[in-house]
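Colleague: Questions regarding the structure given below will be posed in turn.
Protein chains: 2
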Amino acid sequence: MKVLLEENEIPEHWYNIVADMPNPPHAVLGPDGNPVTPEALAPLFPAGVIEQEVSAERWIPIPQEVREIYRLWRPSPLHRATRLEAALGTPAKIYYKNEGVSPAGSHKPNSAVAQAYYNKQDGTKKLVTETGAGQWGSSLALAGQMFGLEVLVYMVKISYEQKPFRRSMMQTWGANVVASPSTDTQAGRDVLAKDPDSNGSLGVAISEAVEIAAQNDDTNYALGSVLNHVLLHQTVIGLEAKKQFEKVGDYPDMIFAPCGGGSNFGGVAFPFFADMASGKSLRLVAVEPASCPTLTRGHFAYDFGDVAGLTPLTKMYTLGHDFMPPGIHAGGLRYHGDSALVSQLYNEKLIEAQAVNQLETFEAGVEFARQEGIVPAPESNHAIAAVIREALACKESGEAKTLFFNLSGHGHFDMASYDRYLAGELTDYDYPEEEIQAALDRLPKVDEPV
Amino acid sequence: MKVLLEENEIPEHWYNIVADMPNPPHAVLGPDGNPVTPEALAPLFPAGVIEQEVSAERWIPIPQEVREIYRLWRPSPLHRATRLEAALGTPAKIYYKNEGVSPAGSHKPNSAVAQAYYNKQDGTKKLVTETGAGQWGSSLALAGQMFGLEVLVYMVKISYEQKPFRRSMMQTWGANVVASPSTDTQAGRDVLAKDPDSNGSLGVAISEAVEIAAQNDDTNYALGSVLNHVLLHQTVIGLEAKKQFEKVGDYPDMIFAPCGGGSNFGGVAFPFFADMASGKSLRLVAVEPASCPTLTRGHFAYDFGDVAGLTPLTKMYTLGHDFMPPGIHAGGLRYHGDSALVSQLYNEKLIEAQAVNQLETFEAGVEFARQEGIVPAPESNHAIAAVIREALACKESGEAKTLFFNLSGHGHFDMASYDRYLAGELTDYDYPEEEIQAALDRLPKVDEPV
Numbered sequence: 046m047k048v049l050l051e052e053n054e055i056p057e058h059w060y061n062i063v064a065d066m067p068n069p070p071h072a073v074l075g076p077d078g079n080p081v082t083p084e085a086l087a088p089l090f091p092a093g094v095i096e097q098e099v100s101a102e103r104w105i106p107i108p109q110e111v112r113e114i115y116r117l118w119r120p121s122p123l124h125r126a127t128r129l130e131a132a133l134g135t136p137a138k139i140y141y142k143n144e145g146v147s148p149a150g151s152h153k154p155n156s157a158v159a160q161a162y163y164n165k166q167d168g169t170k171k172l173v174t175e176t177g178a179g180q181w182g183s184s185l186a187l188a189g190q191m192f193g194l195e196v197l198v199y200m201v202k203i204s205y206e207q208k209p210f211r212r213s214m215m216q217t218w219g220a221n222v223v224a225s226p227s228t229d230t231q232a233g234r235d236v237l238a239k240d241p242d243s244n245g246s247l248g249v250a251i252s253e254a255v256e257i258a259a260q261n262d263d264t265n266y267a268l269g270s271v272l273n274h275v276l277l278h279q280t281v282i283g284l285e286a287k288k289q290f291e292k293v294g295d296y297p298d299m300i301f302a303p304c305g306g307g308s309n310f311g312g313v314a315f316p317f318f319a320d321m322a323s324g325k326s327l328r329l330v331a332v333e334p335a336s337c338p339t340l341t342r343g344h345f346a347y348d349f350g351d352v353a354g355l356t357p358l359t360k361m362y363t364l365g366h367d368f369m370p371p372g373i374h375a376g377g378l379r380y381h382g383d384s385a386l387v388s389q390l391y392n393e394k395l396i397e398a399q400a401v402n403q404l405e406t407f408e409a410g411v412e413f414a415r416q417e418g419i420v421p422a423p424e425s426n427h428a429i430a431a432v433i434r435e436a437l438a439c440k441e442s443g444e445a446k447t448l449f450f451n452l453s454g455h456g457h458f459d460m461a462s463y464d465r466y467l468a469g470e471l472t473d474y475d476y477p478e479e480e481i482q483a484a485l486d487r488l489p490k491v492d493e494p495v
Numbered sequence: 046m047k048v049l050l051e052e053n054e055i056p057e058h059w060y061n062i063v064a065d066m067p068n069p070p071h072a073v074l075g076p077d078g079n080p081v082t083p084e085a086l087a088p089l090f091p092a093g094v095i096e097q098e099v100s101a102e103r104w105i106p107i108p109q110e111v112r113e114i115y116r117l118w119r120p121s122p123l124h125r126a127t128r129l130e131a132a133l134g135t136p137a138k139i140y141y142k143n144e145g146v147s148p149a150g151s152h153k154p155n156s157a158v159a160q161a162y163y164n165k166q167d168g169t170k171k172l173v174t175e176t177g178a179g180q181w182g183s184s185l186a187l188a189g190q191m192f193g194l195e196v197l198v199y200m201v202k203i204s205y206e207q208k209p210f211r212r213s214m215m216q217t218w219g220a221n222v223v224a225s226p227s228t229d230t231q232a233g234r235d236v237l238a239k240d241p242d243s244n245g246s247l248g249v250a251i252s253e254a255v256e257i258a259a260q261n262d263d264t265n266y267a268l269g270s271v272l273n274h275v276l277l278h279q280t281v282i283g284l285e286a287k288k289q290f291e292k293v294g295d296y297p298d299m300i301f302a303p304c305g306g307g308s309n310f311g312g313v314a315f316p317f318f319a320d321m322a323s324g325k326s327l328r329l330v331a332v333e334p335a336s337c338p339t340l341t342r343g344h345f346a347y348d349f350g351d352v353a354g355l356t357p358l359t360k361m362y363t364l365g366h367d368f369m370p371p372g373i374h375a376g377g378l379r380y381h382g383d384s385a386l387v388s389q390l391y392n393e394k395l396i397e398a399q400a401v402n403q404l405e406t407f408e409a410g411v412e413f414a415r416q417e418g419i420v421p422a423p424e425s426n427h428a429i430a431a432v433i434r435e436a437l438a439c440k441e442s443g444e445a446k447t448l449f450f451n452l453s454g455h456g457h458f459d460m461a462s463y464d465r466y467l468a469g470e471l472t473d474y475d476y477p478e479e480e481i482q483a484a485l486d487r488l489p490k491v492d493e494p495v
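Chains as they are written, first to last, in my numbering: chain A, 46 to 495; chain B, 46 to 495.
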């Protein structure tokens, strides 16, 4: 069963959770230990985005121009997974929002389109960003094309070479894609001087993108997760879902979403948090890889957003900025830290977190594909695994809970990972406690402002 | 703008064009020159399918069990391509039906699901088929899984090795995929005896699949295009589109669809033909590759469906069954013949045909992706190219025609082709008249029954 909305039901406002949080997130600190001012962000981001990053307004209007682009694929359908329910023999009801219907195949364009719009408004000519496997890069390529902005993507070299199809997609949408490390930037040249055959890393690609944006007046930087404004833009997902649940006269008892940087979880869960804030009983569950257990095994501390320690410091759950997660197949969840908003809520026990192992996630994804048809992205499989666990618990207990998760994207560009899973070549990786402890011991020492 | 339908608006009947054709298609002939009887098809197909293959009933009920599976993605949205219209500066209105929303990414599951259902009804345990690049094989894998049937796919070896992701998708849905030629069958062993390193071909893969189906009582064969029942199943596309046009108070002046075997064109165009039969003025345009110009340069004659000449003889437009189209990037359109229904209508000038070159199709596909977001399948790009031609003609003439095409699928598994196009490595191929003539001269000599 699918629950559809008409285009005029695309939300007219994003929901800003800051307005309903018992305590706002901690200030972001600059290299001098003082809170970062909005002005300091101006070389990288447009005014509209900076304003949203620090706003405490509950409702922020979605510009008509952004809604026009959303209309190409939004509202996304809410599905009830009746075949999966039957296969599990559970009395639970399972719903999912399908964000894989966007042209880029995930929820990422919800923020990319907004960011492109505010940059266009500000007179930006060119957007620059980094991408690993390519989900964010392709979303920004699409969004830039929609508003007539040039897009330059630094793509981690090993992905550029081994996963060429996301690169082709970005180029189809007119973006310029450069393998990182490159000779374009000082950051890239430094890496190449030490190791001419470097495979690159997300950390290096970020440095290259930021360097280009900082040096060029008409060029801005765009980030696909973690920051407040990104999670804000993603709330269209949860806001649509609330209307869809209303339409069928149901309401979730538990909401599940994969959680890497937090844009997926925040997007689907935050609008429901507003109801919790007004007394509704509801459980919000962030699902992360057992091999990168930021919320479940990390510390709530000030840390850098990047490996090199070039970004401002954010109070967040972190495994230490130099923590290197293993090469799991859900690339979007391989991040040492987490959004400040998600971290703050988790620290106050307003939301929950679960860690699942890689094999369990692929087993869940294959079961989902065989019942519901759609082959999910490996990131989405984390939410599916947690939902299946809960549905089977309901079977034991006889409870008819309403479970809801965000199917953040399809797996069409991840079939090599399914291939390895089906061939029995994937393994689990449970990080040894001493390695996690060692990375946490390297956290920067920060005097928190009072 | 998208025009949506609710699930209860999925059609309850398929439309059988035979009921409205001025002349029915010519009889299919067996090796003895006599018409093939329904009984002769029984070793390969289930009763429900054979009945549809020869039916002249206008409306054939869609079983509830089939509609239940259609609901996983149907009704598919009808989009109006307003950004593309604006970019072309045309007064024409451009609409498209998006069949890429199916889990397999194309319109093919519309028939695969129906065929799996009738086989299940008939007690079939296993379906066997062939696939080239994998669109049909993955659709049948999906459909078989939905009805608990085993699926065995003979995949042309060169595709099996070079395009592994469609194979992974079939395996994710539980199908068994074998590289063809294989040692499973006499047909495969014969080829391997002559050439142990054979890359395989669709012709050989068909022979392997048919051999397995003919030899095993519980195993049937399934074909993804050309046959009457396949085009019948695809009419859900056009039937939904008619409701969607009604909803917005518009109606197409011209309908375009890519045409290889005919399932795509028949699916979208036939239900509108019913209106032409009752006097409505409307143009239906089949768009084919200039390098495989079956309708535009072939003959209307009895010919075999396969290279080896093992199938019954069908009166159709053909380039000769041993015509080898070049390795263009729209694999679904590389077929020497065409559906008997489409051929008959074209011969009576009730429908039209256009041929477009490969470079023009990719240019159209990239323009579409940059305006509308979705990256189309190379097959779909043929329809887009023809629509853009017509929209630009409208710009010249000032006519505000309503143009409609079927976006038969997305291009997520075809990015290597876009890559080659963007790198300037693709070429056009206009078949020399003498080569086409030579293939036509090899057409079998058939005494047509009166």
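For every residue, glycine included, the Cβ atom is placed at its ideal position computed from N, Cα and C. Since this is a predicted model, take the numbers as computed values, not measurements.
What did DSSP end up calling Met299 of chain A once you bin it into helix, strand or coil?
Modeller: The count along the first sequence starts at 1 and reaches residue 299 of chain A at position 254. Reduced to three states, the DSSP call for Met299 of chain A is strand.
Colleague: Relative to chain A, which residues along the region 189-202 of chain B have a C-beta separation below 8 Å, given in chain order?
Modeller: Here the close residues are Gln190, Met191.
Colleague: Is it true that the CB of Val94 of chain A sits closer than 8 Å to the CB of Tyr141 of chain A?
Modeller: Locating residue 141 of chain A in the first sequence gives position 96, where the first residue counts as 1. Locating residue 94 of chain A in the first sequence gives position 49, where the first residue counts as 1. In this structure, Val94 of chain A does not lie closer than 8 Å to Tyr141 of chain A by Cβ.
Colleague: Counting C-beta neighbours from all protein chains within 10 Å, is the total for Ala101 of chain A 16 or more, i.e. buried, or is it exposed?
Modeller: Locating residue 101 of chain A in the first sequence gives position 56, counting from the first residue. The residue is exposed, with fewer than 16 neighbouring Cβ atoms inside 10 Å.
Colleague: Spell out whether any CB of chain B is found under 8 Å from the CB atom of Met46 of chain A.
Modeller: As a first step, residue 46 of chain A must be located in the first sequence, where it is residue number 1. It does: the Cβ of Met46 of chain A has a partner Cβ on chain B nearer than 8 Å.
Colleague: What does the Cβ neighbour count give for Ser326 of chain B, buried or exposed, with the cut at 16 atoms within 10 Å?
Modeller: Taking the first residue of the second sequence as position 1, residue 326 of chain B is located at position 281. Exposed: under 16 other Cβ atoms inside 10 Å.
Colleague: Rounded C-beta distance between Gly269 of chain A and Glu253 of chain A? I'm assuming under 8 Å.
Modeller: Here residue 269 of chain A corresponds to residue number 224 of the first sequence, with the count starting at 1. Here residue 253 of chain A corresponds to residue number 208 of the first sequence, with the count starting at 1. With a Cβ gap of about 16 Å, Gly269 of chain A and Glu253 of chain A do not count as contacting.
Colleague: Examine chain A for any beta-carbon lying closer than 8 Å to the beta-carbon of Val41 of chain B, and answer yes or no.
Modeller: The question about residue 41 of chain B has no answer here: the residues shown for chain B are numbered 46 through 495.
Colleague: What residues in the region 411-426 of chain A have a beta carbon less than 7 Å from any beta carbon of chain B?
Modeller: For the region 411-426 of chain A, which is checked against every Cβ of chain B, the residues closer than 7 Å are Val411, Ala414, Arg415, Glu417, Gly418, Ile419, Val420.
Colleague: Is the CB-CB distance between Leu378 of chain B and Glu333 of chain B below 8 Å?
Modeller: Your numbering for residue 378 of chain B matches position 333 in the second sequence. Your numbering for residue 333 of chain B matches position 288 in the second sequence. Cβ atoms of Leu378 of chain B and Glu333 of chain B: closer than 8 Å.
Colleague: Tell me whether Asn53 of chain A is buried or exposed, calling it buried when 16 or more other Cβ atoms sit within 10 Å of its Cβ.
Modeller: For this step, residue 53 of chain A is matched to residue 8 along the first sequence. Classification for Asn53 of chain A: exposed.
Colleague: Tell me, please, which residues DSSP counts as bridged to Gln399 of chain B.
Modeller: One-based indexing of the second sequence puts residue 399 of chain B at position 354. DSSP, once it has assigned bridges, lists B:Val332 as partnering Gln399 of chain B.
Colleague: Between which residues of its own chain and Ala398 of chain A is the CB-CB distance below 8 Å, once the five residues before and five after are set aside?
Modeller: Position 353 of the first sequence, counting from 1, holds the residue named residue 398 of chain A. Within the same chain, Ala398 of chain A has close Cβ partners Cys304, Val330, Ala331, Val332, Glu333, Leu340, Thr341, Tyr391.
Colleague: Given a threshold of 16 other Cβ atoms within 10 Å of its Cβ, counted over all protein chains shown, does Pro76 of chain A qualify as buried or as exposed?
Modeller: On the first sequence, position 31 is the one that residue 76 of chain A refers to. By the neighbour-count rule (16 or more Cβ atoms within 10 Å), Pro76 of chain A is not buried but exposed.
Colleague: Tell me the rounded alpha-carbon separation between Pro371 of chain A and Glu110 of chain A.
Modeller: To locate residue 371 of chain A, count along the first sequence from 1; it is residue 326. To locate residue 110 of chain A, count along the first sequence from 1; it is residue 65. Computed Cα separation, rounded: 41 Å.
Colleague: Is there a Cβ from chain B that is less than 8 Å from the Cβ of Met214 of chain A?
Modeller: For the purposes of this step, residue 214 of chain A is taken as residue 169 along the first sequence, with counting starting at 1. So yes, Met214 of chain A belongs to the interface.
Colleague: Between Arg116 of chain A and chain B, is the shortest Cβ-Cβ distance under 8 Å, so that the two count as touching?
Modeller: For the purposes of this step, residue 116 of chain A is taken as the residue at position 71 of the first sequence. With 8 Å as the cut-off, Arg116 of chain A counts as an interface residue toward chain B.
Colleague: Write down every uninterrupted run of the alpha helix (DSSP H) in the region 255-299 of chain B whose length is 4 residues or greater and which is fully enclosed by it, in chain order.
Modeller: Whole alpha helix (DSSP H) segments, 4+ residues: 273-279, 281-293.
Colleague: Considering only C-alpha positions, which residue in the set B:Ala314, B:Asp235, B:Ala157, B:Arg116 is nearest to Ile300 of chain B?
Modeller: Mapped onto the second sequence, residue 300 of chain B falls at position 255. Taking only the C-alpha atoms, the option nearest Ile300 of chain B is B:Ala314.
Colleague: Going along chain A, which residues have a C-beta under 9 Å from Glu52 of chain B?
Modeller: The residue you call residue 52 of chain B lines up with position 7 of the second sequence. By Cβ distance, chain A contributes Met46, Lys47, Leu49.
Colleague: Which residues does DSSP list as the beta-bridge partners of Met200 of chain B?
Modeller: If you number the second sequence from 1, residue 200 of chain B lands on position 155. DSSP output for Met200 of chain B lists B:Thr176, B:Ala224 as bridge partner(s).
Colleague: How close, in whole Å, do the beta carbons of Leu364 of chain A and Ile481 of chain A come, if the pair is a contact with beta carbons under 8 Å?
Modeller: For the purposes of this step, residue 364 of chain A is taken as the residue at position 319 of the first sequence. For the purposes of this step, residue 481 of chain A is taken as the residue at position 436 of the first sequence. So it is a contact: roughly 6 Å between Cβ atoms.
Colleague: Step through the CB atoms of chain B and report whether any lies within less than 8 Å of the CB of His4 of chain A.
Modeller: Because chain A spans 46 through 495 in this model, residue 4 of chain A falls outside it and cannot be assessed.
Colleague: Can you check whether the C-beta of Trp104 of chain A is within less than 8 Å of a C-beta belonging to chain B?
Modeller: As a first step, residue 104 of chain A must be located in the first sequence, where it is residue number 59. By this cut-off, Trp104 of chain A is not an interface position.
Colleague: Could you check whether the Cβ of Gly219 of chain A sits closer than 8 Å to any Cβ belonging to chain B?
Modeller: Indexing the first sequence from 1 puts residue 219 of chain A at position 174. So yes, Gly219 of chain A belongs to the interface.
Colleague: Have a look at Leu448 of chain A and Ala436 of chain A and give me their C-alpha separation to the nearest angstrom.
Modeller: For the purposes of this step, residue 448 of chain A is identified with residue 403 of the first sequence, where counting begins at 1. For the purposes of this step, residue 436 of chain A is identified with residue 391 of the first sequence, where counting begins at 1. Approximately 8 Å between the Cα atoms of the pair.
Colleague: Going by beta-carbon coordinates alone, are Pro423 of chain A and Ala385 of chain A separated by less than 8 Å?
Modeller: Here the question's residue 423 of chain A lines up with position 378 in the first sequence. Here the question's residue 385 of chain A lines up with position 340 in the first sequence. No, they are not a contact pair.
Colleague: What did DSSP end up calling Met191 of chain B once you bin it into helix, strand or coil?
Modeller: Along the second sequence, read from residue 1 onward, the residue named residue 191 of chain B stands at position 146. Looking at Met191 of chain B - three-state DSSP - the assignment turns out to be helix.
Colleague: Closer than 9 Å between beta carbons: that is the criterion. Which residues of the region 131-154 of chain B meet it against chain A?
Modeller: Residues Val146, Ser147, Pro148, Ala149, Gly150, Pro154.
Colleague: Buried or exposed for Thr217 of chain B, going by 16 or more other Cβ atoms inside 10 Å?
Modeller: Your numbering for residue 217 of chain B matches position 172 in the second sequence. Thr217 of chain B comes out buried.
Colleague: Quick one, which residues of the region 173-187 of chain A are near chain B if we go by CB-CB under 7 Å, in chain order?
Modeller: Listed by position along the chain: Leu187.
Colleague: Tell me whether Trp59 of chain A sits in a helix, a strand or coil according to DSSP, three-state version.
Modeller: In the first sequence, residue 59 of chain A corresponds to position 14, counting from 1. Three-state result, Trp59 of chain A: strand.
Colleague: Which class does Pro421 of chain B belong to by DSSP, given the choice of helix, strand or coil?
Modeller: Counting from 1 along the second sequence, the entry for residue 421 of chain B is found at position 376. In the structure shown, Pro421 of chain B sits in a strand (DSSP, three-state: E or B).
Colleague: Residues of chain A with CB under 8 Å from Phe90 of chain B, in chain order?
Modeller: In the second sequence, counting from the first residue as 1, residue 90 of chain B sits at position 45. Within chain A, no residue comes near Phe90 of chain B; the closest Cβ sits about 24 Å away, beyond 8 Å.
Colleague: I want to verify the contact list: residues of chain B whose CB lies under 9 Å from the CB of Pro209 of chain A, in sequence order.
Modeller: Within the first sequence, the letter at position 164 stands for residue 209 of chain A. Chain B residues near Pro209 of chain A: Met460, Ala461, Asp464.
Colleague: In the DSSP assignment, the beta strand (DSSP E) including Tyr140 of chain B goes from what residue to what residue?
Modeller: On the second sequence, position 95 is the one that residue 140 of chain B refers to. Element bounds for Tyr140 of chain B: 138-143.
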